[in-house]
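Engineer: Please see the structure below; I have some questions.
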Amino acid sequence: MIPKEHRWDLTDHPGLHILRPFITRYLKKGLAEIGSENKTLPASAAEIYAAGVCERVSELDNALAV
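Here you go:
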């Protein structure tokens, strides 16, 4: 395993900073819906896109960390 101080953290890549407002809104909406009867999250297309990108980048980051 690569020591943490020598690893890149892909989730902090400058190219992803533009998605931060969208992922933040998406996550806040998700937290607000916890415990509600609603099974779907009312999110915009941009918020869903940002969540998908962040999920894929996180998976890549985890795979490279091994």
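For our numbering, count along the sequence shown from 1 and bump the result up by 1442. From the three backbone atoms N, C-alpha and C, an ideal C-beta is built for every residue, glycine too. Only a predicted model underlies this, so the values are computations on that prediction, with no experimental measurement involved.
#1: Can you give me the start and stop residues for the alpha helix (DSSP H) that N1497 sits inside?
#2: Measure the beta-carbon distance from T1453 to D1503 and round it to whole angstroms, keeping in mind my assumption that it falls under 8 Å.
#3: Just checking my contact of V1495 with L1469 at CB under 8 Å: how many whole Å lie between their CB atoms?
#4: Suppose the cutoff is 7 Å on Cβ atoms and the five residues either side in sequence are ignored; what does the same chain contact list for E1475 look like?
Structural biologist: Let me spell this out:
#1: Reading the sequence as shown, one finds Glu at residue 1497 and not Asn. From DSSP, the alpha helix (DSSP H) with E1497 extends over 1487–1507.
#2: 6 Å
#3: Actually they are not in contact, since the Cβ atoms of V1495 and L1469 sit about 14 Å apart, beyond 8 Å.
#4: L1483
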